[in-house]
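Input: a single structure, listed below in C-alpha cells.
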Amino acid sequence: MNLIKTTNIKETVAEITTAVQNGEVNALEAFISLKKIEEIIKQVKKNVDDLVIEEAAKYNTKTFTTFDAEVTLKNSASRYDYSNIPEIVNKELELKALKDKHKAALKSNVIDLDTGELVEPPIVKGGKEVVSIKLNKWV
Numbered sequence: 401m402n403l404i405k406t407t408n409i410k411e412t413v414a415e416i417t418t419a420v421q422n423g424e425v426n427a428l429e430a431f432i433s434l435k436k437i438e439e440i441i442k443q444v445k446k447n448v449d450d451l452v453i454e455e456a457a458k459y460n461t462k463t464f465t466t467f468d469a470e471v472t473l474k475n476s477a478s479r480y481d482y483s484n485i486p487e488i489v490n491k492e493l494e495l496k497a498l499k500d501k502h503k504a505a506l507k508s509n510v511i512d513l514d515t516g517e518l519v520e521p522p523i524v525k526g527g528k529e530v531v532s533i534k535l536n537k538w539v
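Under the working numbering, think of the first position of the sequence shown as 401, with each following residue one higher.
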C-alpha cells in the first residue's frame with residue numbers, strides 16, 4: 401500500500417480550494433468527499449493507535465523526527481471526576497439551575513422569588529451558519 405510519503409499541505413489545500421472556488425469541482429461534493437476522508441482518517445487512527453505507540457516507543461526518546469514530522473510520545477491530559485464530592489455536585493446543580501433561570505428570562509420576564517428583582521437574561525451569541533454532513537452508514 402502506498403501511503404503519503406511527502407506532500408506539501410499548503411499546496412494541496414490551495415489546489416483543492418482553487419478548484420472549488422473556480423467551479424471546477426462542486427463545493428458540496430468536495431465538502432462531502434472531505435468528510436469521507438475525515439471519517440476514514442478517524443477510524444484508521446483509532447484502529448492503529450496502540451501500534452503507533454509501540455512503534456514510537458522503539459525510538460527510546462520522547463521526541464524525535466521521522467517521515468517529515470516531529471513525533472512526541474506523551475500522556476494525554478488528566479481528567480478530574482468530582483462526582484464523589486457532594487459539595488461540588490451540589491454547586492454544579494445550583495449553577496445549572498441558576499443558568500436555566502436566566503435562560504428562561506429570554507422567553508419572558510422572570511422575577512427572582514428571593515429578591516423580587518427581574519432576572520437578567522444571558523447574552524446570546526448566535527452561531528455561524530454551517531453545513532452538517534451525516535454520511536450514510538453503508539458508505
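A virtual CB, placed ideally from N, CA and C, is assigned to each residue, including glycine. Quick caveat, the model's predicted, so the values are computed rather than measured.
Reducing DSSP to helix, strand and coil, say where Glu547 ends up.
As shown, the chain starts at 401 and ends at 539. That puts residue 547 outside it, with no answer to give.
Between Glu492 and Val519, what straight-line distance do the alpha-carbon atoms span, to the nearest angstrom?
Their backbone Cα atoms lie some 20 angstroms apart in a straight line.
Hey, could you find the ends of the alpha helix (DSSP H) Ala419 is sitting in?
Residues 409 to 421.
Looking at the structure shown, is Phe431 part of a helix, part of a strand, or coil, going by DSSP?
Here Phe431 sits in helix by DSSP.
Would you grab the beta carbon distance between Thr463 and Glu455 for me? Rounded to a whole angstrom, and I think it's under 8 angstroms.
Not quite, the Cβ-Cβ distance comes to about 15 angstroms (not below 8 angstroms), so this is no contact.
For Glu470, the residue or residues it bridges with in DSSP
Glu470 is bridged by DSSP to Thr465.
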